[in-house]
Structures are given as structure tokens and as C-alpha cells.
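Each position in the sequence shown, counted from 1, maps to that position plus 454 in my numbering.
Below is one structure; the comments refer to it alone.
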Amino acid sequence: MAAAGGYLAAHILHPEMELGAAYDLAMQDEVFDPLGMTETTFNQARVMADDHASPHALDIDGVQRIAVMGLNDAGVPSRPDGGEWSTVRDMLHYVQMELAQGRLPDGRRYIAEEPLLARRIPQVAEGSDESYGMGLKIDEIWGVPVVHHGGTQYGYRADMIWLPDQNVGAVILINSDSGAALRAVFRRRLLEVLFDGEPRAAADLENYARRFKASLGEGRRSMTAPADSQAASRLADRYVSKDLGPLTVHRQDASTVFDFGGWRSEMASQTDDNGATSFVSITPGADGYVFEERAGPNGRQLVTREGSFAYVFDELK
455 MAAAGGYLAA HILHPEMELG AAYDLAMQDE VFDPLGMTET TFNQARVMAD DHASPHALDI
515 DGVQRIAVMG LNDAGVPSRP DGGEWSTVRD MLHYVQMELA QGRLPDGRRY IAEEPLLARR
575 IPQVAEGSDE SYGMGLKIDE IWGVPVVHHG GTQYGYRADM IWLPDQNVGA VILINSDSGA
635 ALRAVFRRRL LEVLFDGEPR AAADLENYAR RFKASLGEGR RSMTAPADSQ AASRLADRYV
695 SKDLGPLTVH RQDASTVFDF GGWRSEMASQ TDDNGATSFV SITPGADGYV FEERAGPNGR
755 QLVTREGSFA YVFDELK
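Have a look at this one:
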């Protein structure tokens with residue numbers, strides 16, 4: 455819905471342009487330029503060619519590795535729901551405008567106060583003290599209204615935070631999946647500093663670190679990597695899903711690789727208590743996708759699940 459709304463607005467502004475180009479231009483003219491966000495862009499190729507923080511994720515042994523970017527490319531078509539590349543300084547320009555209730559640093563009105571503040575009205579409860587507004591979360595867990603919203607891509611985490619009543623804001627950008635816990639700790643620590651609160655953030659972070667270290671390498675204990683050669687030998691060379699497109703199986707030395715065109719990953723294998731075999735993607739940045747092996751009416755099949763949906767890849771003969 456956010457992506458559709460963004461593209462609709464861009465089309466109204468630039469009806470003669472392709473939707474993506476119209477959106478990028480609209481964001482540049484209407485948001486980035488007025489707010490002085492000079493380093494913010496949707497041009498991923500430009501970012502990758504320049505100085506940037508590479509994404510990181512854990513491999514099957516629990517070692518931090520640079521993550522592949524293929525799955526992040528999947529967010530480009532829906533980029534109005536989030537996907538710009540930015541810096542802490544640029545994001546703070548945006549937070550500053552929110553704290554100023556729609557005014558720029560020179561006092562000029564950037565956006566009307568009423569619609570700006572309407573986005574902070576709770577719409578959906580996410581607990582007794584946290585709600586979702588319109589693209590923003592409102593958190594009163596510690597008795598002080600905190601407006602925030604995070605961002606997530608493979609190998610990246612982000613959060614922007616502001617306390618309207620105290621005129622304080624902050625931004626945190628993280629280039630690691632395992633850094634996700636820092637967002638809540640960062641918010642907690644900000645309140646501790648502002649209000650001389652009980653110093654719990656450091657202890658929370660230490661507890662997380664202990665649990666995190668204890669879990670390292672769990673994948674190696676539960677899976678076989680490279681994938682079991684006998685199990686991999688039963689795979690067809692090519693599959694296709696009517697929903698997700700083609701899947702090509704490559705065998706590289708002892709490794710088995712699933713290639714989906716836009717992204718690829720080495721696979722591990724695992725066998726459940728009933729003897730059924732599945733393959734799990736393990737390349738950092740493309741890990742955690744499970745493909746169950748089964749026989750179909752017209753040949754071999756691989757099935758992957760997302761929530762209540764099952765996507766079937768049929769052997770392509």
C-alpha cells in the first residue's frame with residue numbers, strides 16, 4: 455500500500471514519466487533537496503560504486519561475512535515503502551523537520567502541521583504501550599512518547615527516533631543483521647541519558663551478546679554443509695515455479711548452488727525425523743530459505759513456504 459501510494463503521487467506529479475523515474479524525481483524535488491539531504495539517493499549503482507558500508511551477515515559457522523546484495527535488489531520495484539540509501543547526517547535533517555513540526559531550519563513552512571502530526575495518531579495497537587500510526591510507531595513504554603521507525607534490508611538495520619516533547623532526535627544505521635538488537639538498546643539508552651533513568655541498556659546489550667554468542671554455529675549443528683552429495687544427486691538440473699520463476703541447480707566441486715537469476719546461494723541439507731530431505735540456503739545475505747524435496751505428479755518438486763503460502767517448483771524437462 456505504501457508503494458502504491460508513493461507511485462500514485464509520483465504519477466500525478468509526472469504523468470509522462472515511467473513510474474520509477476517519476477518517483478525518484480519527485481522524492482528528489484519534494485523531499486531530499488528541500489531538506490538538504492544531499493547524500494540520499496535511490497540509485498543503488500551509484501552507491502555501490504562509491505564509498506559505502508557493506509552489508510554483513512553470519513555464515514553457517516557463525517562468522518561475520520560480507521553479505522550478497524541480490525535479495526536487496528528485490529526491494530527496488532517497491533521502493534516507496536523504503537529503500538533509499540542515506541547517511542546519519544542526512545536522516546537527522548529529516549528528523550529535525552519532524553521535531554520542528556514541519557518547518558525548515560530557516561523557519562519556512564515545509565509541510566502543514568496538521569497532516570504531519572496526523573501520522574502520529576495511533577491506528578493499530580502493537581502492545582499495551584506501543585502503536586502504529588501512518589508509517590510511524592508511537593512508543594510510550596517508558597512513559598515518554600517516542601516516535602520512531604526502523605528499516606531492514608539483508609545485512610542492514612536502521613532506526614530514526616524523536617521525542618516530540620523534549621525536542622530530541624537520533625538516528626542509528628547498522629550494517630549487520632546481528633546488529634538488530636542495537637535499535638531497542640539505543641532507544642533505551644537515549645532515554646536513560648535524557649532522564650537519568652535506571653541504567654538497563656548496557657545490561658540488556660550484555661545479555662543479548664551472551665545469548666548471541668551461545669547460538670553461534672547452530673546451523674552447523676543442525677545441517678550438513680556442503681549439502682549431502684547423495685541427497686543433492688537426486689535434484690533435477692532445472693525447476694520452474696509459476697509464481698517465482700526459474701531455479702537452476704549448479705554443482706560446484708562439493709557444493710550445491712540454487713540459482714534464481716536475481717540471486718543465488720549455496721545450499722545445506724537437513725533430514726527430519728521422518729526421513730524427508732530439505733535444502734536450506736546458507737550464503738550470508740541470502741540464507742534461511744528452506745526448500746522441501748518431494749515427488750510430484752509430473753516429476754520432482756521443490757517446495758518453499760512463506761507464512762501460510764507454499765510455492766512449488768516443478769522439474770523442468
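From the three backbone atoms N, C-alpha and C, an ideal C-beta is built for every residue, glycine too.
Same chain only: Cβ atoms within 7 Å of residue i, ignoring 5 sequence neighbours per side
i	result
V766	S695, Q755 and V757
G490	H547
I575	G587
M674	Correcting the residue type first, residue 674 is Arg in the shown sequence and not Met. Taken in chain order, the residues that qualify are I514 and D515.
P653	E646
D424	An answer regarding residue 424 cannot be provided, because it is not within the stretch 455 to 771 covered by the chain.
E493	S540, T541 and D544
Y461	L473, Y477 and P534
C-beta contact flag for residue i and residue j at 7 Å
i	j	result
G739	G609	yes
A730	T710	no
R611	A634	yes
Q706	M677	no
E594	D583	yes
E552	W596	no
A521	A507	no
R643	A657	no
M614	M523	no
L648	V542	no
T737	S762	no
L558	R573	no
N629	P509	yes
Cutoff 7 Å: residue i Cβ touching any chain D Cβ
i	result
A572	No chain D is present in this structure, which holds just one protein chain.
Buried versus exposed call for residue i [16 or more other C-beta atoms within 10 Å across all chains shown]
i	result
V734	buried
E538	buried
N661	exposed
V549	buried
N752	exposed
D505	exposed
V625	buried
H704	exposed
Q607	buried
P700	exposed
G623	buried
M721	buried
D631	buried
F745	buried
F666	exposed
Neighbourhood of residue i by C-beta, 6 Å cutoff - its chain only, sequence neighbours within 5 removed
i	result
A457	S532, P534 and D535
L698	Y765
T702	R692 and D713
A480	A464 and L467
P680	A708 and S709
L525	Y608, W717 and A740
G529	G537
Residues sharing a beta bridge with residue i, DSSP
i	result
R759	A764
G699	S695
A612	G605 and L627
T678	S723
A749	R754
V744	V734
Residues near residue i in its chain [Cβ-Cβ closer than 8 Å; skip 5 each side]
i	result
V578	S585 and Y586
S669	G516
P488	L558 and Y564
H602	L590, K591, D593, D613, M614, I615, W616 and R641
Contact belief for residue i with residue j at Cβ below 8 Å, rounded distance in angstroms
i	j	result
G671	D527	Not quite, the Cβ-Cβ distance comes to about 29 Å (not below 8 Å), so this is no contact.
R641	V600	6 Å
L570	G556	5 Å
A663	E769	With 8 Å as the limit, A663 and E769 do not qualify as a contact, their Cβ atoms being about 45 Å apart.
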